[in-house]
Amino acid sequence: MIDLSNEATNYDKVTKLMLSFKFQPQMQGFDYLRSAILYHLNHDRKVGGVTTEVYPILATQYNTKEASIERSIRKIIEKSFESGGLLSINYYFDDIVYTNKFKFSNNEIIAIFVEIIKLDNLKRQVCRQMLDEVINN
-18 MIDLSNEATN
-8 YDKVTKLMLS
2 FKFQPQMQGF
12 DYLRSAILYH
22 LNHDRKVGGV
32 TTEVYPILAT
42 QYNTKEASIE
52 RSIRKIIEKS
62 FESGGLLSIN
72 YYFDDIVYTN
82 KFKFSNNEII
92 AIFVEIIKLD
102 NLKRQVCRQM
112 LDEVINN
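See below:
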């Protein structure tokens, strides 16, 4: 499991997380997937409407077509699947929750990453509050 350090921005956290799942940064889908994850983190909304909401925004941002965004993200997920990178999810849940018998969809990968980052941020916030209480008492 990687350390999503306290000082790291969400951008850095998402990048480290993607690398731990063996997503290849040289692939075009890397930036698209990271941007989709960050979109959901920054807008603090439930993951949904990827096709109708996120792909059009990314297509405009990267000056490309929505189909290209979707295909590039799908390809990078396929590469991670083939290399066993998706098995890294088991480290974050401290149990065997995935056995590499199926590929996650684009939407599922985005949702998983958003939840891992949100849980890490929440855990750090609670730890800081507890530490502050101990110091102040």
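If you're matching positions, the sequence shown starts at -18 in the numbering used here and goes up one per residue. Note that beta-carbon positions come from the ideal geometry of N, C-alpha and C, so glycine has one too.
Assigned secondary structure, residue i (DSSP; H/G/I helix, E/B strand, else coil)
i	result
residue -8	helix
residue -13	Low confidence applies here, because residue -13 scores a pLDDT of 49, under 50, leaving its location unreliable; read the following figure in that light. Coil.
residue 25	coil
residue 9	helix
residue 81	coil
residue 30	coil
residue 74	helix
residue 3	coil
residue -2	helix
Beta carbon proximity, residue i to chain D, threshold 8 Å
i	result
residue 78	Of the protein chains in the structure, only one exists, and it is not chain D.
Continuous alpha helix (DSSP H) stretch holding residue i: start and end
i	result
residue 61	47 to 63
residue 41	36 to 43
residue 68	Here residue 68 belongs to no alpha helix (DSSP H), and DSSP marks it neither H nor E.
residue 94	87 to 117
Which listed residue (the options) has its alpha carbon closest to that of residue i
i	options	result
residue 20	66, 88, 5	88
residue 9	22, 50, -10	50
residue 85	66, 30, 117, 76	66
residue 92	115, 31, 38, -10	31
- prompt: Does the segment -2 to 5 touch the segment 60 to 76, meaning 3 or more C-beta pairs lie closer than 8 Å?
  reply: Here the segment 60 to 76 lies against the segment -2 to 5, with 3 or more beta-carbon pairs under 8 Å apart.
message: Below 8 Å, how does it come out for the segment 29 to 45 and the segment 58 to 70: are there three or more Cβ pairs, yes or no?
response: no
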